[in-house]
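I have placed the structure first, in the form of structure tokens, so that the comments after it can refer back to it.
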Amino acid sequence: MTLPRYPAYKDSGLAWLGKIPEHWSVNAAKRGIAVLTDFTANGSFASLAENVEYQSSGYARLIRMTDLRQNLETDGIWIDEKAYRYLEKSSLVGGELLMASVGSVGLIYLMPHVDYKASLAPNMYLLKTNNSLQSKFLYWVLLSKGGQGQILQVATTTAQPKLNKDNVRSIVVAFPNIREQIQIARFLDHETARIDALIEEQLRLIELLKEKRQAVISLAVTKGLDSTVPMKDSGVEWLGEVPVHWSISPLKFLVDEKVAGPYGASLTKAMYTNSGYRVYGQQQVISDDFSIGDYYISEEKFNEMQRYTVFPGDVLVSVMGTIGRVSVVPAEVEVGIINPRLVRYKFCQSKITPEFVKILLMSLRYQSRLREESQGSTMEGLNMVILGDLPLVLPPQGVQHTVVNFVKNYDCDFNALVDQATSAAELLKERRSALIFAAVTGKIDVRGWQLPASAQARELTQEAV
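The UniProt record's numbering puts the first residue of the sequence shown at 1, with every later residue one more than the last.
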């Protein structure tokens with residue numbers, strides 16, 4: 001889509017804004033803001049504490065930034081009628097501009113119209129515009145890279161990212177007339193929705209590719225690559241059938257060495273140093289990248305913990321928190337030990353190869369089984385008894401190598417497709433950002449743009465409803 005430029009431009013006087021259409025003006029946002037308020041505008045902290053009590057259900061809902069992030073699909077926090085009336089200065093009816101004032105500054109939302117009473121939660125600002133500034137246009141201005149740049153510039157000058165009301169009022173806005181503002185907002189509503197749909201397609205494609213990969217690899221590692229091979233009952237209900245020439249063995253009979261990570265106070269974060277010997281944990285196993293991380297122990301501590309040392313070819317399994325993740329220690333690994341969240345296995349390579357173990361344990365059937373077997377009331381966990389009793393499918397060595405090579409080749413193609421879809425999504429995001437900035441700063445002229453007929457019909461239908 002190619003859009004024209006305005007016939008004539010003038011210098012805005014701001015480097016980041018550049019030239020603007022000749023008939024536009026540059027002003028602080030306060031020119032168009034009629035109301036700028038927040039939760040604390042209703043009273044002192046003591047008075048708020050006395051009059052507002054949070055509830056799991058009630059007369060009105062307090063709208064938080066976290067609720068808006070999730071399209072108000074959270075359970076939310078509610079207040080009674082007394083609190084709602086006390087918070088009248090920050091009540092919401094829909095259409096208000098809401099922005100984070102502390103922490104996640106730069107997040108901007110338009111309050112949707114809801115079928116219940118609502119009020120603003122703390123750490124947010126509520127903006128209403130006057131007749132010189134359309135709220136949807138201001139929404140797009142604040143979301144643009146120019147608006148975000150201004151917000152983040154003032155917010156990051158403090159240790160805790162924070163905006164005060166003067167920061168908001170001083171944000172620079174290029175003002176077209178109100179009719180153009182409405183047209184620009186309509187244009188961006190339509191075009192960004194179209195781009196968002198394309199981005200969603202790419203993200204969905206990535207998820208479908210991941211699902212297909214899991215299914216293909218799970219089938220290969222538990223059933224083999226030859227669909228014509230006769231099958232037999234594995235004797236394990238959740239595994240089902242396996243090829244007739246494969247066997248089943250508990251994991252504990254396939255290992256030469258097994259070590260659980262240091263227990264209790266024998267290794268704590270207080271013992272970590274800035275250099276020395278590496279401490280490997282879930283960060284490396286989950287990412288399957290042993291080059292990352294910055295936890296170390298001294299030589300003296302390392303000498304105490306020799307039994308936890310990792311060696312190339314060891315299989316590491318996460319047993320606490322994010323359980324069941326598996327990685328094989330690479331040949332070039334730095335000398336180090338495992339932390340308490342991992343267990344280390346040295347498999348008998350004449351029976352089963354480490355890479356095959358990794359692929360097997362990370363397959364759908366095994367991941368599901370490990371989740372079921374995990375223990376712990378406050379945190380999911382595995383132990384060496386559970387893992388030791390886990391039945392592993394055991395193909396002949398030649399088949400194991402064939403499956404490992406198949407997965408490596410499959411992953412090369414898979415990664416290329418994921419990279420392609422990821423790049424497409426990133427390019428669309430960049431295009432979206434550039435389009436918003438161009439529209440709200442007058443770099444493109446959308447006055448002649450018309451909503452496609454199909455979209456017009458949808459709008460009319462929605463208005464009728």
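Each residue gets a CB set at the ideal place from its N, CA and C atoms; glycine is no exception.
Since the structure is predicted, the reported quantities are computational estimates derived from the model, not experimental observations.
Exposed or buried, which one is residue i when buried takes at least 16 other CB atoms within 10 Å?
i, result
"Met-320", "buried"
"Val-173", "buried"
"Asp-233", "exposed"
"Gly-13", "exposed"
"Val-244", "exposed"
"Phe-253", "exposed"
"Pro-176", "buried"
"Val-335", "exposed"
"residue 542", "Given a span of 1 to 465 for the chain in the structure shown, any question on residue 542 remains unanswerable."
"Leu-251", "buried"
"Ile-292", "exposed"
"Asp-75", "exposed"
"Thr-129", "buried"
"Asn-167", "buried"
Among the candidates the options, whose CA atom is the shortest distance from the CA of residue i?
i, options, result
"Leu-390", "Ile-248, Glu-211, Ala-197", "Ile-248"
"Gln-134", "Ala-185, Pro-312, Arg-85", "Ala-185"
"Arg-307", "Ile-79, Pro-262, Lys-223, Phe-187", "Pro-262"
"residue 473", "Thr-322, Trp-449, Ile-352, Pro-395", "Shown here, the chain extends from 1 to 465; a query on residue 473 therefore has no answer."
"Met-124", "Ser-132, Leu-225, Gly-106", "Gly-106"
"Ala-49", "Ser-56, Phe-39, Gly-58", "Phe-39"
"Ala-453", "Leu-205, Ser-227, His-190, Pro-396", "His-190"
"Pro-395", "Arg-432, Met-384, Lys-351, Phe-414", "Lys-351"
"Gln-284", "Phe-187, Lys-19, Leu-342", "Leu-342"
"Ala-41", "Leu-87, Thr-268, Val-141", "Leu-87"
"Ala-28", "Gln-55, Leu-142, Met-1", "Leu-142"
"Asp-314", "Tyr-139, Ala-434, Val-333", "Val-333"
"Arg-278", "Met-305, Ala-260, Ala-265", "Met-305"
"Ala-15", "Thr-441, Asp-445, Leu-97", "Thr-441"
"Lys-165", "Tyr-280, Val-35, Glu-73", "Val-35"
"Val-418", "Phe-356, Lys-210, Trp-140", "Lys-210"
Pull up the distance between the alpha-carbon of residue i and that of residue j, whole angstroms please.
i, j, result
"Ile-178", "Ser-25", "12 Å"
"Ile-33", "Gly-276", "57 Å"
"Glu-257", "Pro-354", "13 Å"
"Thr-422", "Asp-288", "20 Å"
"Val-403", "Arg-213", "14 Å"
"Thr-378", "Val-328", "With a pLDDT of only 48 at Thr-378, under 50, the local geometry of the prediction cannot be trusted, and the value read off the model is given with reservation. Cα to Cα, the separation comes out at about 28 Å."
"Glu-241", "Lys-223", "8 Å"
"Thr-192", "Trp-449", "14 Å"
"Ser-119", "Ile-286", "41 Å"
"Gly-149", "Gly-388", "55 Å"
"Ser-318", "Val-326", "7 Å"
"Lys-10", "Arg-31", "21 Å"
"Thr-273", "Lys-301", "10 Å"
"Lys-443", "Pro-21", "8 Å"
"Val-407", "Trp-238", "23 Å"
"Leu-225", "Val-393", "14 Å"
"Ser-298", "Gly-381", "29 Å"
"Ser-170", "Ser-104", "19 Å"
"Gly-146", "Leu-451", "26 Å"
"Asp-413", "Pro-161", "42 Å"
"residue 468", "Gln-375", "Because the chain is modelled from 1 through 465, residue 468 falls outside the range shown and cannot be assessed."
"Val-154", "Gly-324", "44 Å"
In the DSSP assignment, the beta strand (DSSP E) including residue i goes from what residue to what residue?
i, result
"Asn-27", "25-28"
"Arg-278", "277-280"
"Gly-336", "336-338"
"Phe-347", "342-347"
"Lys-269", "Lys-269 -> no beta strand (DSSP E), and no H or E assigned at all."
"Phe-175", "172-175"
"Ala-100", "97-100"
Confirm the yes/no value for this check: CB of residue i, any heavy atom of the ligand FMN, distance under 7 Å.
i, result
"Leu-208", "Among the components modelled here there is no ligand, and therefore nothing to report on the ligand FMN."
Are residue i and residue j close, meaning C-beta to C-beta below 8 Å?
i, j, result
"Leu-126", "Ser-101", "no"
"Ala-424", "Gln-202", "yes"
"Leu-360", "Val-236", "no"
"Ile-199", "Ala-121", "no"
"Ile-338", "Leu-316", "yes"
"Tyr-59", "Glu-81", "yes"
"Ala-265", "Met-384", "no"
"Arg-365", "Val-310", "no"
Which residue marks the beginning of the alpha helix (DSSP H) containing residue i, and which one marks its end?
i, result
"Ala-434", "397-440"
"Tyr-6", "From DSSP, Tyr-6 is part of no alpha helix (DSSP H); its letter is neither H nor E."
"Met-384", "384-389"
"Tyr-84", "81-86"
"Leu-360", "354-361"
"Ala-49", "45-51"
"Val-105", "Here Val-105 belongs to no alpha helix (DSSP H), and DSSP marks it neither H nor E."
"Phe-253", "Per DSSP, Phe-253 belongs to no alpha helix (DSSP H) and is neither H nor E."
"Tyr-139", "135-143"
"Met-65", "65-69"
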